[in-house]
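The structure appears right after this line, and notes come after that.
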Amino acid sequence: MNVAIVIIFLTAVAALLLGLRARHGREMTLEEWSVGGRSFGTVLVFILLAGEFYTTFSFLGASGFAYGKGGAAYYILAYLTLNQVAGYWLLPGIWRTARHERLVSQPHFFVRQYDSPALGLLVAVVGLVALLFYFILQLKGLGIIVSIASYGSISPTVSVWVGAAILIAYVTVSGVRGAVWNAVIKDALILIVVVFLGLYLPWRYYGGYGAMFAAVEQAKPGFLALPAKGNGIVWFQSTVVVNSLGGYMWPHMFSSIFTARDARIMRRNAVVMPLYSLMLLFVFFVGFTALLQVPGLQGDEVDLSLLRLTAQTFDPWFVGLIGAAGLLTALVPGSVILTAAATMLANDVYRGTVRRGMSDASVNRLARFMVPVVTLIGVFFTLKGGTTIVGLLLMGYNFIVQFLPAVAFSLRARNPVTKQGAFCGILAGVVALVALTLSGTTLVDLFPFLPAALRDVNTGLTALILNLAVTGIVSAVTRPAHAVASAAAPTFGR
Amino acid sequence: MYLRLLSLVPFLGLVVGPVFANRVEPLVFGLPFLLAWVVAWVFISVAVMACVYRLDPDNRRPDGEDPRP
Chain A
1 MNVAIVIIFL TAVAALLLGL RARHGREMTL EEWSVGGRSF GTVLVFILLA
51 GEFYTTFSFL GASGFAYGKG GAAYYILAYL TLNQVAGYWL LPGIWRTARH
101 ERLVSQPHFF VRQYDSPALG LLVAVVGLVA LLFYFILQLK GLGIIVSIAS
151 YGSISPTVSV WVGAAILIAY VTVSGVRGAV WNAVIKDALI LIVVVFLGLY
201 LPWRYYGGYG AMFAAVEQAK PGFLALPAKG NGIVWFQSTV VVNSLGGYMW
251 PHMFSSIFTA RDARIMRRNA VVMPLYSLML LFVFFVGFTA LLQVPGLQGD
301 EVDLSLLRLT AQTFDPWFVG LIGAAGLLTA LVPGSVILTA AATMLANDVY
351 RGTVRRGMSD ASVNRLARFM VPVVTLIGVF FTLKGGTTIV GLLLMGYNFI
401 VQFLPAVAFS LRARNPVTKQ GAFCGILAGV VALVALTLSG TTLVDLFPFL
451 PAALRDVNTG LTALILNLAV TGIVSAVTRP AHAVASAAAP TFGR
Chain B
495 MYLRLLSLVP FLGLVVGPVF ANRVEPLVFG LPFLLAWVVA WVFISVAVMA
545 CVYRLDPDNR RPDGEDPRP
């Protein structure tokens, strides 16, 4: 046992204890939080929302992607910014509907907006698949941290199991609500760690980040911009569009919109949140510094780059501190995702189809039972490996963005989309996505008359376009005649 | 409606813009040109959205509650 791994385990225990305390004094903690929320509103809401965006993905994943793909990594900064612009217009509408209809979950939103339990079930299943990608990514991060901080004495496979065990314990102890303070501590800690590493590491190895970039450009010309092929400009553009439109479609993001108090706070958050995403800049600095200092990481090993460089530079106790910050960035969002997935499985899938009359208490018990089940599925796919952290999240976004047309149209005063249209559109998008991804088919293979540059279009965007087309056609066919007539008549508000 | 058009400006900068900004040199403030472009547009987006927030009549209501569209 070395110092690093001891510090990491102590952090895990401390997080568990904080979670336990939050559960015992839950009424008080929540009350405290909401009162605090009333007095310095925007700041706390900002921290909480930011916390759900910045996870293992932005810590280990973004540095790994910069290391592996170079300039393509800038897509993360672009999409996080545009996601907030889209959120400015989407969130108040979703929030208003949720408040009006007293909604509890994302599938619930679809059931009410389209008066269709079948659509709710489809959304729950697709949402679960997407969440699983997000969850695997956190587990992978946990495994990497435990494995590197043990300096090889704990194998990567065992590390993933250890990470999963910590996560199950955390979710079981801290309960469905989770510990707000863990989230606050985690955000403060990760911010300090990332800014420090991003400034110190380039300075230590090159004398500054400018010199570091100049050295990278000399060693690998063009690596810091977008390549002509693969993750090039077309890939960048389509990926930014898909991810910025999909960001608020995640089931757990959706639920956090429901809990907000006031539409204006969300708009204000949408305005300033992109500044927080500049934190990614420092993560990129670390990834690019690692490029020439810990060379040779291949495939999904690139996710190790930040921690490898850290372990090579600092003493074990300091590696332990950085690993501890990393542990919290995986643990806190991981528990939110795990809870959301387990609840959706119990409430929307099981209660929605098998036992309609189930009581809330039994749904809760079932959800708790689902926590280890979902975790085991996650561990299975994590151990299969092969995909980078960013690769996993990109896949999740491709699924989740398929909800956008049905959500956006349903917020209009007169929804032109019917329940059949929404159902067929989402189904078509998801089926196309799976088929295209598994077969490796691109847009250009399907339509050879298109320019070859479109070969690199993000598959999620191709599926989204198909989704839109199917939604429009099926809605036009299934729209009742009188609705068409009244839509044509002049409308006076609602 | 013109407010919605205004919020398309960040999309122009970050989705269309990189076509013209896709190069490493010159380094701007030590950053590769494309990265500096993206960072600059993060700031411009915040400024644009701050204007949208100011101009948006929904934010002038005292209770923060919006009327249904």
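Top to bottom, those sequences are chains A and B.
In this text, residue positions in the first sequence follow the working numbering: the first is 1, and each later residue adds one.
In this text, residue positions in the second sequence follow the working numbering: the first is 495, and each later residue adds one.
Beta carbons are placed, not taken as given, at the ideal position from N, Cα and C, and that holds for glycine.
These numbers were taken from a predicted model, which means no experiment stands behind them.
query: Under 7 Å by beta carbon: chain B residues contacting A/Leu197; result: Result: empty, since nearest Cβ-Cβ is about 17 Å, beyond 7 Å.
query: Meets three-Cβ-pair contact criterion under 8 Å: the segment 300 to 318 of chain A and the segment 80 to 96 of chain A; result: no
query: Limits of the unbroken alpha helix (DSSP H) element including A/Ile154; result: Looking at the DSSP string, A/Ile154 is not in any alpha helix (DSSP H), and its letter there is neither H nor E.
query: A/Val431 classed as buried or exposed, judged by whether at least 16 other C-beta atoms fall within 10 angstroms; result: exposed
query: Supposed contact pair A/Gly198 and A/Val286 - C-beta distance, whole angstroms, cut 8 Å; result: 6 Å
query: CA nearest to the CA of A/Ser150, picked from A/Ala422, A/Pro405 and A/Ile7; result: A/Ile7
query: Proximal chain A residues relative to B/Leu528, where beta-carbon distance stays under 9 Å; result: Gly71, Tyr74, Leu224, Ala225 and Leu226
query: Alpha-carbon to alpha-carbon, A/Thr339 and A/Gly163; result: 16 Å
query: Alpha-carbon to alpha-carbon, A/Gly296 and A/Met266; result: 44 Å
query: DSSP state of B/Val522 mapped onto helix, strand, coil; result: strand
query: Coil, strand or helix - A/Pro202 by DSSP; result: helix
query: C-alpha gap between A/Asp262 and B/Arg498, whole angstroms; result: 21 Å
query: Residue-chain proximity (A/Ile7, chain B), Cβ-Cβ < 8 Å; result: no
query: Spatially closest choice to B/Arg548 from A/Ala12, A/Arg96, A/Val271 and A/Ala124, by CA coordinates; result: A/Val271
query: Residue range of the unbroken alpha helix (DSSP H) whose run includes A/Phe381; result: Asp360 to Lys384
query: Environment of A/Ile495 [buried if 16+ CB atoms lie within 10 Å]; result: No statement about residue 495 of chain A is possible, as the shown extent of chain A runs from 1 to 494 and does not include it.
query: Selection of the segment 58 to 70 of chain A by Cβ proximity to chain B, strictly under 7 Å; result: none
query: C-alpha gap between A/Val111 and A/Val171, whole angstroms; result: 28 Å
query: Beta-carbon gap between A/Val240 and B/Leu500 smaller than 8 Å; result: no
query: Candidates A/Tyr276, A/Gly71 and A/Gly429, of which the one nearest A/Gly195 by Cα; result: Residue 195 of chain A is actually Val in this sequence, not Gly. Out of A/Tyr276, A/Gly71 and A/Gly429, A/Tyr276 has the C-alpha closest to the C-alpha of A/Val195.
query: Any C-beta of chain A under 8 Å from that of B/Pro563; result: Any reading at B/Pro563 must be qualified, since the residue scores a pLDDT of 45, below 50, and its modelled position is unreliable; no value is offered.
query: Under 9 Å from the C-beta of B/Ala544: neighbouring residues of chain A; result: Val271 and Val272
query: Where A/Lys419 falls: helix, strand or coil (DSSP); result: helix
query: Backbone CA spacing between A/Ile337 and B/Pro551 [nearest angstrom]; result: 36 Å
query: Local Cβ density within 10 Å of A/Gln298, reported as buried at 16 or more and exposed below that; result: exposed
query: Residue of A/Leu411, A/Gly421, A/Leu142 and A/Asp303 minimising C-alpha distance to A/Ala62; result: A/Asp303
query: CB contact check: A/Tyr248 to chain B, cutoff 8 Å; result: no
query: Spatial neighbours of A/Gln420 in its chain, beta-carbon cut-off 6 Å, leaving aside the 5 residues before and after; result: Val474 and Thr478
query: CA-to-CA distance, A/Thr11 to A/Ile185, given in whole angstroms; result: 11 Å
query: Neighbour list for A/Phe213 in chain B, Cβ cutoff strictly below 7 Å; result: Leu521, Gly524, Leu525 and Pro526
query: First and last residue of the uninterrupted alpha helix (DSSP H) at A/Gln106; result: Gln106 to Tyr114
query: C-beta contact flag for A/Phe213 and B/Leu506 at 8 Å; result: no
query: Separation of A/Val123 from A/Phe399, as counted between CA atoms; result: 10 Å
query: Same chain, Cβ closer than 6 Å to A/Gly334, five either side skipped, listed in chain order; result: Gln138 and Leu167
query: Whole-number beta carbon distance between A/Met370 and A/Pro107, since they are thought to touch under 8 Å; result: That pair is no contact at about 15 Å.
query: Where A/Gln312 falls, given that 16 or more other Cβ within 10 Å makes a residue buried; result: exposed
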